[in-house]
Amino acid sequence: MNLTAFLKGLLEANTKTAILIRTIFLIIIISFFWVYIYITPYLKPIQSDFKINNDFLLDGLIGWFSLLIYTLIVSTDKLADINSKSKYAKAFQRYWPSRYISEHFDIDINSANYIWFEKNFNTWEKSDSSRNSQYKRTFERGYQCRLVYYLIIVLSLFIIFSAIQLIIEFIVMKQFLLIDNYLWKCIFLGIALVSYLTVKGSNKIKEDKKSGVWKKYDEINQLHIDWIEENSELIENQIKKIKKDATK
């Protein structure tokens, strides 16, 4: 497989690994431009005092900043955290089949997760299962939600960092401003802001206006709920078995 085919597959795939790699690349690219535009003007005194190579210092800052953003945002699956107070996590989990089982059949969430995943959903992974396509689409849409979530959070952080620095420079350090550099900073902030508004506007999470990846994820989960309702007797028998085994 040549490099072009590999990159095309990486850009089009909706697997967890592909989306994670795309997210990391985006963080590195955004970090590069942010550090280069916003930080490098302040590096000259450090370089001259400590005789540090410019490329080495710049690469180190980009790497450190990218790692910091990745650790804060991407390293943990915040959307799937049932204790999260985030509105995005709540939107992501709203129509989880296991949550529906827990509420509809009045059992604890751990038992509902076991019944849904171990007894039913995971069996659809087999290629000969009639629900295999539905199984794959569930993961694809879930990872698409994560990519959009990461983009929104990362872009919002860069917008906040950029705006704060611009305000500080304008108010406190006005006499030291370089017009060209200040213009590039405004351009970066403008691009980041437009990107943020575009991604967020096309992927709304409000219940009555839900769109984009969140709507698609709800749709696939609704199919799961429909299946649960059609097979309620099966679910009830599985619950009875769990309760019976627990009393042994």
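Just add 1147 to the spot in the sequence shown (first one is 1) and you have my numbering. Virtual Cβ for every residue (Gly too), placed ideally from N, Cα, C.
What does a CB cutoff of less than 6 Å around residue i pick up in its chain, not counting 5 residues either side in sequence?
i, result
"ILE1256", "SER1249"
"GLN1385", "ILE1262 and LYS1266"
"ASN1200", "Confidence at ASN1200 is low in this model, with a pLDDT of 49, below 50, so the placement of that residue is unreliable and no value is reported for it."
Can you tell me whether DSSP reads residue i as helix, strand or coil?
i, result
"TRP1263", "helix"
"ASP1355", "helix"
"LYS1273", "coil"
"THR1170", "helix"
"THR1285", "helix"
"ALA1300", "Position check: residue 1300 holds Ile in this sequence, whereas Ala was assumed. DSSP places ILE1300 in helix when its eight states are reduced to three."
"ILE1254", "coil"
"SER1280", "helix"
"ASP1228", "coil"
"THR1223", "coil"
Need the endpoints of the alpha helix (DSSP H) that residue i sits in, please.
i, result
"ALA1393", "1379–1394"
"PHE1239", "1234–1240"
"SER1245", "1244–1251"
Who are the Cβ neighbours of residue i in its own chain at under 7 Å, not counting the five residues just before and after it?
i, result
"LYS1225", "SER1231, SER1233 and ALA1236"
"PHE1180", "PHE1335"
"CYS1456", "No answer is possible for residue 1456: the residues shown for the chain start at 1148 and end at 1395."
Going by beta carbon distance, what residues of the same chain come within less than 8 Å of residue i, once the five residues before and after it are set aside?
i, result
"LYS1273", "ASN1279"
"SER1258", "SER1249, ILE1386 and ILE1389"
"TRP1243", "ASN1368"
"GLU1380", "none"
"ARG1246", "GLN1240, ILE1256 and ALA1259"
Comparing the C-beta of residue i with each C-beta of chain C, is any distance below 7 Å?
i, result
"GLY1289", "Given the protein chain composition of this structure (a single chain), no chain C is represented."
The region 1328–1348 / the region 1296–1315 touching (three or more Cβ pairs under 8 Å)
Inter-segment contact for the region 1328–1348 and the region 1296–1315 is present: three or more beta-carbon pairs are separated by less than 8 Å.
Count the C-beta pairs between the region 1275–1290 and the region 1307–1315 that are closer than 8 Å, then say yes if the count reaches three, no if not.
no
Run through the region 1309–1350 for me and flag every whole alpha helix (DSSP H) of 4 or more residues, listed as ranges in chain order.
1326–1348
Between the region 1225–1242 and the region 1360–1367, do three or more beta carbon pairs fall short of 8 Å?
yes
Any contact of the region 1258–1273 with the region 1381–1392, i.e. 3+ C-beta pairs under 8 Å?
The region 1258–1273 is in contact with the region 1381–1392.
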